[in-house]
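See below for the structure under consideration.
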Amino acid sequence: MNAKERMKIPPVDMPEQDPKVRVNNLDEVPLGYTPEMAVLEARRCIQCKTAFCIEGCPVGIDIPGFILLIEIGDFKGAARKMKERNLLPAMCGRVCPQEEQCQLFCTIGKVRKNPCESVMIGKLERFIADWDREQGEFEQPPSLKPSGKRVAIIGAGPAGLTVAGDLIKFGHEVIVFEALHKAGGVLVYGIPEFRLPKKIVQYEVDYLEKIGVEFRYDYVIGKTIPVRQVVDDFDAVFIGTGAGLPRFMRVDGENLLGVLSANEYLTRANLMKAYDFPEADTPIVKGKKVITVGGGNVAMDCARTALRMGAERSLIVYRRAEEQMPARLEEIHHAKEEGIEFHLLQNPVRLVGDDRGWIRGAEVIKMELGEPDSSGRRRPVPIEGSEFIENTDALIVAIGNSPNPLVPNSFPDLEVTRWGGIVVNEITGQTSVPGVFAGGDIVLGAATVILAMGHGRRAARAMNLYLSSGRWVDLDSTLDLCRAEVH
Amino acid sequence: MYQLLHKEKLGPDIYLYRFRAPDIARYRKPGQFVIVRIIEDGERIPITIADVDTEEGSITLIIQAVGKTTLQMAQMKKGDSIPTLTGPLGEPTHIEKVGRILCVGGGIGIAPLYPVARAMKEIGNHVTSILGARSSNLIILADLMGEASDELIITTDDGSEGQKGLVTDAIRNLVDNGEEYDQCIAMGPPIMMKFVCILTEKLGIPTIVSLNPIMVDGTGMCGCCRVTVGDEVKFACIDGPEFDGHKVDFDELMARLATYRSDERNALERYSSHAGCRLDSMPEGGSR
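Residue numbers (this note's numbering), protein chains in the order written: chain A, 32 to 518; chain B, 14 to 301.
Next up, the structure:
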């Protein structure tokens, strides 16, 4: 098949649960490719000599490589190729913003003048990861002889899990300390079941355990054990404690009953299984009408969860227009299909409650778009006198998170930015404390799973070099030499 | 898993538990709490630590059975284990020598007050403790509090032990008799802390309270435990649990504690009838 023929094949759609059915269950929305669909989609890749898609991947997966293996039906080989770079492919295939990464750079999308028609790299990644998992075969990766070095990882989220998987393969002893009772971080407390089934996260965590990573749950480093002690007891430390500090709007009435942060709402619904109350013990605020404030993926997750918790109407209230929404197109599309109401260019200015302190409504002001702000997006400007009351039974604040201050606060040696992120060398993830590295949302603020994994990947390489050489100063220039290999 | 080493009933629905948790025992300071989850699909509840034994590597929790989780906990036996015990969380009490201190504990709040009173006395403060409850069988740790205090006063609503009346009556009596205090520490039901704070504010006694709002993770992640302190919103789990009592909005705290009341009642009744056990305070027929 020549390139021209390949380019003619339209993108293969992934079958999805019917919106009317899926709002009543927690099962995953996209159902996955069949092997035939995957092979057909793989044929769309023209195997560019310079693979721009790889440059768009924060962890540098050999994308044309694994796609070619799918095309020839060697799924096992494709899975192996993927795991060279990404130990958590089932998750990334589902939650990466591929349209801003690999698929944005894909030649096919450029030729078709529509990045939405690029090769569906994310869907193929998911297919291979799922296929591999379903084979149920465990392949012990080739391990180096023990280095005798011990590494502590603080936080079992996407960044920490990536570091763990990489460093165990270099022969180091790896212990992951997790504050919650399950590993996965935002993958288990935040991202809902219908977008990322928890059994998949558990499978990937189990895999890390099988290859030798040790997990210690209920350990809040900085509280259960001082950070200093961890730094002294281990040869290197990685801090990946995430952006787990919810931002609130700071409007009147925000402490009314029925007003929750997205973190609280999603943690109750996902990690604590409130959908199964009273079988599971944790309850959740339910309402016939639920407002979610915000326009990101987390807001979409909350609004869609609310429907599954029994809400009759679930509204997104967002202060900018749809084009400025930070959520992935696919999430917005899924939300609309399910009947989420988008109330755009609106912003709550005050919340009103009843005499028992429960929220009953939000006073909302209409907005219009003004001049671009520092983010390059047109700034929303309130329209004076346009306030009205939107009644509601519950309101979820999904306007972002700040880095969790617990570790930095209990370890003053660590340099942090004005907004609380840990300061690191961007190439190596080195912090101001020798032997201590950091990455993911504790550095970036609330970003994405794959960026956190990319940070983890880079830090792991630097940590390995540090552990083997003992060199801390100028680690980045030494690492720079090997850096071309990553991308 | 965290093993239950010892369990003891202290009063109606009030139990003392000693769990093996060496790391928590080693680093815990007075005023800090743990998050407890007793079964795989259990909820996460915050409990302030009453005592530790570093030699045994254990922590002591005193818990009143009031809902499904705490009633189920009351069915546990020595040797049983629970899946989660996370801590020590929150900021410890600031222990310093200030002079004369009034420690006021109500009901189950006497448990977290005990290590604070003891530490305050050990550092050289003069400690007067007032313990209050509805009735004498709800007064806990009176002996230990006696040892941790220079002076101990007990009040009961029904007069079955000590002075008849409320803790606030006892505070007023002391001050009326010319006693002076440099600081008050109050731990107990929010309504008690509220009225202690109203009184001590009038009396000009700086007052620290320990708050126990609903929490999920206990590490600042969910914001469920937010409380209004002065004109600021604080997270009790990482900024607290202790705050300047004169600035706390207790009415908001009490309202927020009731967020899941009907769910909690349903869960309790369901568990109670399934497991064939009940609260001592639960009338026949279940529903309250």
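We treat Cβ as the ideally placed atom computed from N, Cα and C, and that holds for glycine.
Beta-carbon contacts of residue i that lie in its chain and below 7 Å, excluding the five residues immediately before and after
i               : result
N150 of chain B : G24, P25
I222 of chain A : V126, D332
V219 of chain A : K213, K229, V232, N301, L302
C235 of chain B : V229
Cutoff 8 Å: residue i Cβ touching any chain B Cβ
i               : result
P309 of chain A : yes
F519 of chain A : Residue 519 of chain A lies beyond the range of chain A shown here (32 to 518); nothing can be said about it.
S292 of chain A : yes
V251 of chain A : yes
D312 of chain A : yes
L295 of chain A : According to the sequence provided, residue 295 of chain A is Glu. The question's Leu does not apply to it. E295 of chain A counts as touching chain B.
M303 of chain A : yes
P61 of chain A  : no
A429 of chain A : no
N328 of chain A : no
P443 of chain A : no
R359 of chain A : no
I371 of chain A : no
P436 of chain A : yes
R514 of chain A : Confidence at R514 of chain A is low in this model, with a pLDDT of 49, below 50, so the placement of that residue should be treated as unreliable; the coordinate-derived value is given next. So no, R514 of chain A is outside the interface.
Through-space distance from residue j to residue i, alpha-carbon basis
i               : j               : result
G460 of chain A : R489 of chain A : 7 Å
S499 of chain A : G466 of chain A : 12 Å
I103 of chain A : A69 of chain A  : 11 Å
G175 of chain B : L144 of chain B : 9 Å
D156 of chain B : A300 of chain A : 44 Å
E130 of chain A : R157 of chain A : 15 Å
M14 of chain B  : Y250 of chain A : 13 Å
R301 of chain B : G487 of chain A : Low local confidence applies: a pLDDT of 37 at R301 of chain B is under 50, so the model's placement there is unreliable, and no value is given.
L376 of chain A : E354 of chain A : 11 Å
D7 of chain B   : G451 of chain A : One cannot answer for residue 7 of chain B here, as it falls past the ends of chain B, which runs 14 to 301.
D44 of chain A  : F442 of chain A : 49 Å
K112 of chain A : D54 of chain B  : 37 Å
S148 of chain B : V321 of chain A : 44 Å
G27 of chain A  : D161 of chain A : Outside the modelled stretch of chain A, which goes from 32 to 518, sits residue 27 of chain A, for which no answer is possible.
R502 of chain A : S463 of chain A : 14 Å
D262 of chain B : D244 of chain B : 10 Å
Same chain, Cβ closer than 8 Å to residue i, neighbours up to 5 away in sequence not counted
i               : result
D64 of chain B  : I72, T73, Y127, P128
K230 of chain A : none
M356 of chain A : G326, G327, Y349, I363
G298 of chain B : A caution first: G298 of chain B carries a pLDDT of 48, below 50, which makes its placement in the model unreliable, though a value can still be read off. Taken in chain order, the list of residues that qualify is empty.
H518 of chain A : Confidence in H518 of chain A is poor, its pLDDT being 41 and thus under 50, which makes the residue's placement too unreliable to answer from.
N294 of chain A : Y220, G221, G275, P277, N432
I152 of chain A : C84, I94, I98, Q129, C133, Q134, C137
C-beta neighbour in chain A for residue i, strict 8 Å
i               : result
A280 of chain B : yes
V79 of chain B  : no
G289 of chain B : no
R31 of chain B  : no
D64 of chain B  : no
A36 of chain B  : Before going on, a small fix: residue 36 of chain B reads as Asp here, not Ala. Interface residue, yes.
R301 of chain B : Only weak support exists for where R301 of chain B lies, its pLDDT of 37 falling under 50; the value from the coordinates is given anyway. It does not: the Cβ of R301 of chain B has no partner Cβ on chain A nearer than 8 Å.
E56 of chain B  : yes
I13 of chain B  : What the structure shows of chain B is the stretch from 14 to 301, and residue 13 of chain B is not part of that stretch, so it cannot be assessed.
I251 of chain B : yes
L98 of chain B  : yes
V246 of chain B : yes
G172 of chain B : no
Cut-off 6 Å between Cβ atoms - residues of its own chain near residue i, not counting five sequence neighbours on either side
i               : result
L198 of chain A : V182, V205, A491
R131 of chain B : A161
A280 of chain B : K81
V418 of chain A : It should be pointed out that residue 418 of chain A corresponds to Glu in this sequence rather than to Val. These residues qualify, in order along the chain: E394, I396.
A195 of chain A : I184, V205, V207, L239, V244
Whole-angstrom C-beta distance between residue j and residue i, which should lie under 8 Å
i               : j               : result
A190 of chain A : M484 of chain A : 7 Å
L426 of chain A : V324 of chain A : 7 Å
V246 of chain B : K260 of chain B : Not a contact, Cβ separation roughly 12 Å.
CB contact check: residue i to chain D, cutoff 8 Å
i              : result
Y28 of chain B : This model lacks chain D altogether, as its protein chains are A and B.
> What are the start and end residues of each continuous alpha helix (DSSP H) run of 4 or more residues lying completely inside the segment 359-383 of chain A, in chain order?
Replying inline: 360-368
> Unbroken beta strand (DSSP E) runs of length 3 or more, entirely within the segment 44-105 of chain A: which are they?
Replying inline: none
>> Runs of 4 residues minimum, wholly inside the segment 34-93 of chain B: which ones carry the alpha helix (DSSP H) assignment?
In response: 35-40, 81-87
> Can you give, in chain order, each stretch of the alpha helix (DSSP H) that sits fully within the segment 452-510 of chain A and has at least 4 residues?
Replying inline: 472-475, 480-500
>> Suppose only complete runs of 4+ residues qualify. What are the alpha helix (DSSP H) ranges in the segment 132-172 of chain B, listed by chain order?
In response: 155-160
> Curious, which full-length alpha helix (DSSP H) runs of at least 4 residues does the segment 127-192 of chain A contain?
Replying inline: 133-136, 138-142, 152-166
>> Quick check on the DSSP output: what are the complete beta strand (DSSP E) runs of length 3 or more inside the segment 194-262 of chain B, in order along the chain?
In response: 196-200, 220-223, 239-242, 245-248, 255-257
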